[in-house]
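Inspection log for the structure reproduced underneath, given as structure tokens.
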Amino acid sequence: MVVGVDGSASSRAAVRWAVRYAELLGALVDAVGVIEVPLNYGWSAPVVDTSLDEQTARRNFTQELDSVFDGNRPVQVRESLVRGNPAEALVEAARGAEVLVVGSRGHGTFARALLGSVSQRCALHASCPVVIVRAD
């Protein structure tokens, strides 16, 4: 089972849902976070956020997972932090998985959307069933 983690309220709800479901099935949960390097294409060279520190991102990712469980993270949760496009990375991570669990909305710019672009792309392109969880 794969669950996407981005620090949003719906992502935290998705992690909790995935762990409860995995406990029922006796399954492992692969918690996947994605570092998306922002690029801006235009007349000049692409702008890359050079302040992105992978160690800081990993530490924040681990802290986010720990905060979901108040420091008592279940043993069956494995961490994976990758670089790339969030939807593509989650779809790829879910190849061969029983289910992909994502939050309904992340930290995108269009806050009024009922379904985020990442969750929508995952639902359309994943090779396994996708569960989309709303924030508590």
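Converting from the sequence shown to the working numbering requires adding 4 to each position, the first position being numbered 1. By construction, the Cβ of each residue, glycine as well, lies at the ideal position given by its N, Cα and C atoms.
Buried versus exposed call for residue i [16 or more other C-beta atoms within 10 Å across all chains shown]
i: R82; result: exposed
i: D57; result: exposed
i: D34; result: buried
i: G72; result: In the sequence on display, residue 72 carries Val and not Gly. By the neighbour-count rule (16 or more Cβ atoms within 10 Å), V72 is buried.
i: R16; result: buried
i: L2; result: Absent from the structure is residue 2, since the part of the chain shown begins at 5 and ends at 140.
i: S131; result: exposed
Any C-beta of chain C under 7 angstroms from that of residue i
i: V103; result: Considering every chain present, this structure includes no chain C. It has just one protein chain.
Residue from the options with nearest C-alpha to residue i
i: G11; options: L85, A127, C132; result: L85
i: D140; options: V6, M5, V7, V19; result: V19
i: Q67; options: R87, V9, V134, A101; result: V9
For residue i: DSSP bridge partner residues
i: G8; result: V36
i: E96; result: DSSP lists no partner for E96.
i: S84; result: V36
i: V105; result: V7, V135
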